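> Numbering (this note's numbering), first residue to last: -19 to 138. Please read through the structure below; I'll follow up with questions.
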């Protein structure tokens, strides 16, 4: 599904737009840094589960813990890849915000199996981002993001 709608291209186009708007046209790594950092902090169980907890019960603790971890991760990535990483806050805000807003709707399908599946898929996606840091443009991770939704659907059906 992600390949059909080419989510990776959307991320890259947004990264180019951010690079141009922020005055970083000379930074050749800006877009790759933005995409890698955005995917690193958007995928994973803490992003989804924390946003759901926030939307349903108002419990922000998981999101606070994730924010602290993300801060350290982004600082490290910024030191090695450049300032494009800093702009990963935008997709994280959108991703977690949408989940928080729709938390009450998706709560019934968030079984223990669904959370486990999200963790598994999130870890695989983070592994793929790591591969892309070593071997650039190997895996279009953004195009695989719908697998998080598919993991929940699979848990619900199975």
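Positions of the beta carbon are idealized from the N, C-alpha and C atoms, including for glycine. Just so you know, these numbers come straight off a predicted model, no measurement behind them.
#1: Using CA atoms only, rank isn't needed, just tell me which of 46, 78, 106 is closest to residue 15.
#2: Here's a check: name, in chain order, each residue in its chain whose Cβ is nearer than 6 angstroms to the Cβ of residue 127, leaving out the five neighbours to either side.
#3: Please go through the same chain and pick out, in chain order, the residues whose beta-carbon is closer than 6 angstroms to the beta-carbon of residue 123, but skip the five residues on each side of it.
#4: Answer yes or no: do residue 159 and residue 35 have a C-beta to C-beta separation smaller than 9 angstroms?
#5: How would you write the range of the alpha helix (DSSP H) that residue 90 sits in, first residue to last?
#6: How far does the alpha helix (DSSP H) with residue -1 in it extend, from its first residue to its last?
#7: Taking residue 17 as the reference, give the member of 61, 114, 7 with the closest Cα.
#8: Within its chain, find whatever has a CB closer than 6 angstroms to the CB of residue 120; leave out the 5 residues flanking it on each side and keep chain order.
#9: In terms of alpha-carbon separation, which member of 2, 136, 26, -3 lies closest to residue 88?
#10: Within the continuous alpha helix (DSSP H) that includes residue 133, where are the two ends?
In short, the structure shows the following:
#1: 106
#2: 101
#3: -18, -17, -13, -12
#4: For the chain, the structure presents residues -19 to 138; residue 159 sits outside this window and is missing.
#5: Careful: residue 90 lies outside any alpha helix (DSSP H) and carries neither H nor E.
#6: -13 to 1
#7: 61
#8: -12
#9: 136
#10: 126 to 137
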